[in-house]
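Chains as they are written, first to last, in the numbering used here: chain X, 1 to 242; chain V, 1 to 242; chain L, 1 to 219; chain Z, 1 to 219. Note that the Cβ used here is the ideal one computed from N, Cα and C, for glycine as well. The structure appears below as structure tokens.
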Amino acid sequence: MKKVRKDATEALAGLLTDGMTVMAGGFGLCGIPDELIDAIRASGVKNLTVISNNAGIDGVGLGKLLETRQVAKMISSYVGENKEFARQYLGGELAIEFNPQGTLAERIRAGGAGIPAFFTKTGVGTLIAEGKEVREFEGENYVMERGLFADLSIVHAWKGDTEGNLVYRKTARNFNPMMATAAKVTVAQVEHLVQPGEIDGDAVHTPGIFIKRMIHVATREKRIEQRTTRKRGEPAIPPAAV
Amino acid sequence: MKKVRKDATEALAGLLTDGMTVMAGGFGLCGIPDELIDAIRASGVKNLTVISNNAGIDGVGLGKLLETRQVAKMISSYVGENKEFARQYLGGELAIEFNPQGTLAERIRAGGAGIPAFFTKTGVGTLIAEGKEVREFEGENYVMERGLFADLSIVHAWKGDTEGNLVYRKTARNFNPMMATAAKVTVAQVEHLVQPGEIDGDAVHTPGIFIKRMIHVATREKRIEQRTTRKRGEPAIPPAAV
Amino acid sequence: MAWTREQMAERAAKELRDGFYVNLGIGIPTLVSNYIPDGMSVQLQSENGMLGMGPFPFEGEEDPDLINAGKQTITELPTTSYFSSSDSFGMVRGGHINLSILGAMQVAQNGDLANWMIPGKMVKGMGGAMDLVAGVKRVVVVMEHVARNKDGSESPKLLSACDLPLTGTQVVDLVITDLGVFTIDKKGNGGMTLIELADGVTEDDIRAKTEGAFTTRLA
Amino acid sequence: MAWTREQMAERAAKELRDGFYVNLGIGIPTLVSNYIPDGMSVQLQSENGMLGMGPFPFEGEEDPDLINAGKQTITELPTTSYFSSSDSFGMVRGGHINLSILGAMQVAQNGDLANWMIPGKMVKGMGGAMDLVAGVKRVVVVMEHVARNKDGSESPKLLSACDLPLTGTQVVDLVITDLGVFTIDKKGNGGMTLIELADGVTEDDIRAKTEGAFTTRLA
Numbered sequence: 001m002k003k004v005r006k007d008a009t010e011a012l013a014g015l016l017t018d019g020m021t022v023m024a025g026g027f028g029l030c031g032i033p034d035e036l037i038d039a040i041r042a043s044g045v046k047n048l049t050v051i052s053n054n055a056g057i058d059g060v061g062l063g064k065l066l067e068t069r070q071v072a073k074m075i076s077s078y079v080g081e082n083k084e085f086a087r088q089y090l091g092g093e094l095a096i097e098f099n100p101q102g103t104l105a106e107r108i109r110a111g112g113a114g115i116p117a118f119f120t121k122t123g124v125g126t127l128i129a130e131g132k133e134v135r136e137f138e139g140e141n142y143v144m145e146r147g148l149f150a151d152l153s154i155v156h157a158w159k160g161d162t163e164g165n166l167v168y169r170k171t172a173r174n175f176n177p178m179m180a181t182a183a184k185v186t187v188a189q190v191e192h193l194v195q196p197g198e199i200d201g202d203a204v205h206t207p208g209i210f211i212k213r214m215i216h217v218a219t220r221e222k223r224i225e226q227r228t229t230r231k232r233g234e235p236a237i238p239p240a241a242v
Numbered sequence: 001m002k003k004v005r006k007d008a009t010e011a012l013a014g015l016l017t018d019g020m021t022v023m024a025g026g027f028g029l030c031g032i033p034d035e036l037i038d039a040i041r042a043s044g045v046k047n048l049t050v051i052s053n054n055a056g057i058d059g060v061g062l063g064k065l066l067e068t069r070q071v072a073k074m075i076s077s078y079v080g081e082n083k084e085f086a087r088q089y090l091g092g093e094l095a096i097e098f099n100p101q102g103t104l105a106e107r108i109r110a111g112g113a114g115i116p117a118f119f120t121k122t123g124v125g126t127l128i129a130e131g132k133e134v135r136e137f138e139g140e141n142y143v144m145e146r147g148l149f150a151d152l153s154i155v156h157a158w159k160g161d162t163e164g165n166l167v168y169r170k171t172a173r174n175f176n177p178m179m180a181t182a183a184k185v186t187v188a189q190v191e192h193l194v195q196p197g198e199i200d201g202d203a204v205h206t207p208g209i210f211i212k213r214m215i216h217v218a219t220r221e222k223r224i225e226q227r228t229t230r231k232r233g234e235p236a237i238p239p240a241a242v
Numbered sequence: 001m002a003w004t005r006e007q008m009a010e011r012a013a014k015e016l017r018d019g020f021y022v023n024l025g026i027g028i029p030t031l032v033s034n035y036i037p038d039g040m041s042v043q044l045q046s047e048n049g050m051l052g053m054g055p056f057p058f059e060g061e062e063d064p065d066l067i068n069a070g071k072q073t074i075t076e077l078p079t080t081s082y083f084s085s086s087d088s089f090g091m092v093r094g095g096h097i098n099l100s101i102l103g104a105m106q107v108a109q110n111g112d113l114a115n116w117m118i119p120g121k122m123v124k125g126m127g128g129a130m131d132l133v134a135g136v137k138r139v140v141v142v143m144e145h146v147a148r149n150k151d152g153s154e155s156p157k158l159l160s161a162c163d164l165p166l167t168g169t170q171v172v173d174l175v176i177t178d179l180g181v182f183t184i185d186k187k188g189n190g191g192m193t194l195i196e197l198a199d200g201v202t203e204d205d206i207r208a209k210t211e212g213a214f215t216t217r218l219a
Numbered sequence: 001m002a003w004t005r006e007q008m009a010e011r012a013a014k015e016l017r018d019g020f021y022v023n024l025g026i027g028i029p030t031l032v033s034n035y036i037p038d039g040m041s042v043q044l045q046s047e048n049g050m051l052g053m054g055p056f057p058f059e060g061e062e063d064p065d066l067i068n069a070g071k072q073t074i075t076e077l078p079t080t081s082y083f084s085s086s087d088s089f090g091m092v093r094g095g096h097i098n099l100s101i102l103g104a105m106q107v108a109q110n111g112d113l114a115n116w117m118i119p120g121k122m123v124k125g126m127g128g129a130m131d132l133v134a135g136v137k138r139v140v141v142v143m144e145h146v147a148r149n150k151d152g153s154e155s156p157k158l159l160s161a162c163d164l165p166l167t168g169t170q171v172v173d174l175v176i177t178d179l180g181v182f183t184i185d186k187k188g189n190g191g192m193t194l195i196e197l198a199d200g201v202t203e204d205d206i207r208a209k210t211e212g213a214f215t216t217r218l219a
């Protein structure tokens, strides 16, 4: 059972249909499956519902699918950084369902773990709870949220073996591990492709069972959204006081 | 804020009260916090509700707390291996609440993650669902289960730094990570105590935030419940066919 | 004539497919791993938190931190990954395991399964069985066709309805006994169908030992 | 006279305790990290999946895989751990973070908070704010006492009831503005209490700029 494919186009072959739901990992531009997004753009598939914490920026990441009007709806927690997004959204061309970030993460985790619904106190008494069941447990109110499950998830990992065992790097982990579990098919792009045995079993973040296909992505420039630095000699902010 | 204590007795000082609920990590005898269990036994605290997948064996692990009648109730998925357990249970001295193993694991994870209740299809139409809400989602029935949260969790890890970041080893991980998140206070015993920076941030299984106190346990013999081996030259069962 | 334990395991192995992730129960199901065809990639899950279960260790190489759900010492493979119990059962409940092969005390013609509790006897608990039968995509039961009672009599195990407390309702897809193989249309109304006979076993032999209703469609 | 942004941050830092795990919002709350007392151990959480957030990197050492929830490049510390977004918000929702310090558009006297949406304007989303205010044990708001409108007029932000869509109900414990400090009895009926005045600010100054009801109990 070979999981590794030649490139992103081959990895997505047969998986894309108009109107489908796609989860895409990443937070901002950190840990986004950019090469797989490019292949989705090239495929021309339309009318997508995309579940992703953010919507990329103009010309980068999911921003590329917005430019081509391939996205009909986003399920996200924050979408601020994208002029094309704003234009389509304000023009009524693009629907958006806002989810609190933690609720979004948990809905995806639930979908992957066979949990159709759960209760959370996030959003009680706000617009988010409208039309949803609110129930009291131990004197506190909670809103019922539903699991999310997609037709396809695309994720980015730092390292992967050919069995599909994945390791993420630093804050590029974010939504990728849950999304890998919450779709009919998950396709991963990995920066370093290794053989089974090269990843310690204790260090695996996503077991291979969740990965149906994968590609090795040649090193491409990773974009930084907010480049913040300090000068040598400047006080350390946030502090290193531990 | 010093988390490392001299020994198990000091680590549990002030935390033990009669009638409290304690979660104990481990599966069978694998990854059990044995030194902390010994200290609970020595404390004489009584009438405990213990949440643990199993109940140890006679004279080992939680079996030691059963011998001294310190346990009033177990919440477990399987308790087969313990004569003293059977004696007290059949004699009506010990209450037991059986949970399906996955439901138990998820209830603990939910408790730690602020989720008071969730739906699962495990146990629908069985004794386990009696008295619980059953609800249909997308044409399938699910039973509502509640989160679990304890007064104290005791866990065993392979390695820990003084900040409380933990790494578990192989199948000794099991229930330990969720339990670490699901109590007012979690105390960890670690086989290898190291300094911050010696554990790669990507390899941490339990972030230090969950660990209030910890001890370094000198290497003690780990017990094996079912010693199964093969002779050299014997076929490999289960197979290594990959 | 009826199938031996080994033959039942061999028959169960025919349910495996390349790339499958499989959970095997204790007893006969464990033997199924002996019959995985050469070159077929099958990864075994152990619900205590491991994917890619390896063979038993050589004597002297047992690792107390490395056991399967039956608490037996095992080994790891190059493909092995470890995870917590909640992640493990997320995998199970979420339908990511292709196949679960397990034993049973009773199976009903609608796919109900009983294998954890006998009223009046010491109850040890269901362990992960309820999660596995509810969550795994395809559930195969391997069991003796009848139970042998202490007085020498036999009790059918394939029933119109289980009388033991259930492990799951409408969960079994296939039953392999020492006498034959049955499919069950667990989510529909197709009932139970006898599809194979063990060598030398007749349909009449099976009818005599089966309380549940079934149709026959032998290949 | 009123407090500067730095003085507000310095006042907020007095809410820190040794061993605290803290989530800081963007803006003034980020500055709070400048005022952590020497020798006090405070670990900063970034809700995109990191505990133990370090300072900004030196120029040329930015790592695109290492950002905070404001998408700024940061660094790690020896204590740093990384985790998924679901684990991160499990930590938040489960009440494991001791303190959240964040900005607000409006706060009501009962602890209601609005900081994510202005009807009629482009809505960017709530990000993690709803989860943080609902889940973190203690929520401290740092904000200007009044909003300055385009026409030069001022609108109070401490209200009897928020008129903007809420981020959370009864969630705020403490409000630090440029004029003073208020406690809120968010789960009880104790209402809002003015407990400190900025240098040179009088209670009357505050009354004039506060629409919500409060009692005064200055230290």
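Here residue 173/X is not near residue 95/Z, since their CB atoms are 8 Å or more apart. When only Cα atoms are considered, residue 175/Z and residue 110/Z end up about 12 Å apart. In the three-state reduction of the DSSP assignment, residue 5/V falls in the coil class, being assigned neither a helical nor a strand state. In this structure, residue 23/L lies near residue 132/L, with their beta-carbon atoms less than 8 Å apart.
Buried is the label assigned to residue 55/X, since at least 16 other Cβ atoms lie within 10 Å of its Cβ. Ranking 9/V, 44/V, 115/V and 93/V by CA distance to the CA of residue 138/X puts 115/V first.
In the displayed model, residue 34/X falls within a helix according to three-state DSSP.
Inclusion of residue 223/X and residue 64/Z in the CB contact set at 8 Å is warranted, their separation being smaller than that value. Listed along the chain, the chain X residues whose CB falls inside 7 Å of the CB of residue 202/L amount to none; the nearest CB is some 39 Å away.
Residue 219/X and residue 32/X have their C-alpha atoms roughly 13 Å apart. Of the other Cβ atoms in all chains shown, 16 or more fall within 10 Å of the Cβ of residue 62/Z; this residue is therefore buried.
Annotation: the continuous alpha helix (DSSP H) that includes residue 92/L extends over 85 to 93. Every beta strand (DSSP E) of 3 residues or more that sits fully in the stretch 145 to 185 of chain Z is shown, in chain order, as 146 to 148, 154 to 156, 174 to 176 and 180 to 185.
At a cut-off of 8 Å between beta-carbon atoms, residue 93/L makes contact with chain V.
Inter-residue distance for residue 123/X and residue 173/Z is about 18 Å (C-alpha atoms, whole angstroms). The beta carbon of residue 189/V sits closer than 6 Å to those of 33, 35, 36, 156, 215 and 217, all from its chain and outside the five residues before and after it, given in chain order. Residue 153/X is outside the set of residues whose beta carbon lies under 8 Å from a beta carbon in chain Z. Separation of the CB atoms of residue 77/Z and residue 15/Z is rounded to 21 Å, and the pair is thereby denied contact status at 8 Å. Within the model, the alpha-carbon separation for residue 97/L versus residue 164/X is close to 15 Å.
With its beta carbon less than 8 Å from one in chain V, residue 48/L belongs to the interface. For residue 225/X, there is no enclosing beta strand (DSSP E), as DSSP marks it with neither H nor E. With respect to residue 135/V, residue 149/V sits apart: the two C-beta atoms are not nearer than 8 Å. Within chain Z, 79 and 81 have C-beta atoms less than 8 Å from the C-beta of residue 165/V, given in sequence order. Separation of residue 74/V and residue 216/L (C-alpha to C-alpha, rounded to the nearest whole angstrom) is 47 Å. Classified as buried, residue 8/L has 16 or more neighbouring CB atoms from the shown chains inside 10 Å of its CB.
DSSP places residue 7/Z inside the alpha helix (DSSP H), whose first and last residues are 5 to 13. The distance from the Cβ of residue 43/Z to that of residue 52/Z is about 5 Å, consistent with a contact at the 8 Å cut-off. Shortest Cα-Cα distance from residue 199/L to any of 213/L, 178/L and 212/L involves 178/L. Each of 29/L, 18/L, 83/L and 5/L was checked against the Cα of residue 201/X, and the nearest Cα belongs to 83/L. In the three-state scheme derived from DSSP, where H, G and I count as helix and E and B as strand, residue 69/V is classed as coil. Residue-level contact check: residue 145/V does not touch chain L, since none of the beta carbons of chain L fall below 8 Å from its beta carbon. In the structure shown, residue 204/X falls within a coil segment according to DSSP collapsed to helix, strand and coil. Membership of residue 196/X in any beta strand (DSSP E) is not indicated, and neither H nor E is assigned to it by DSSP. In the three-state scheme derived from DSSP, where H, G and I count as helix and E and B as strand, residue 64/Z is classed as coil. Interface annotation, residue 56/L: in contact with chain V, CB-CB separation under 8 Å. Legend: CB atoms of the stretch 177 to 209 of chain X lying less than 7 Å from CB atoms of chain L belong to residues 181, 196, 197, 201, 202, 204, 207, 208 and 209.
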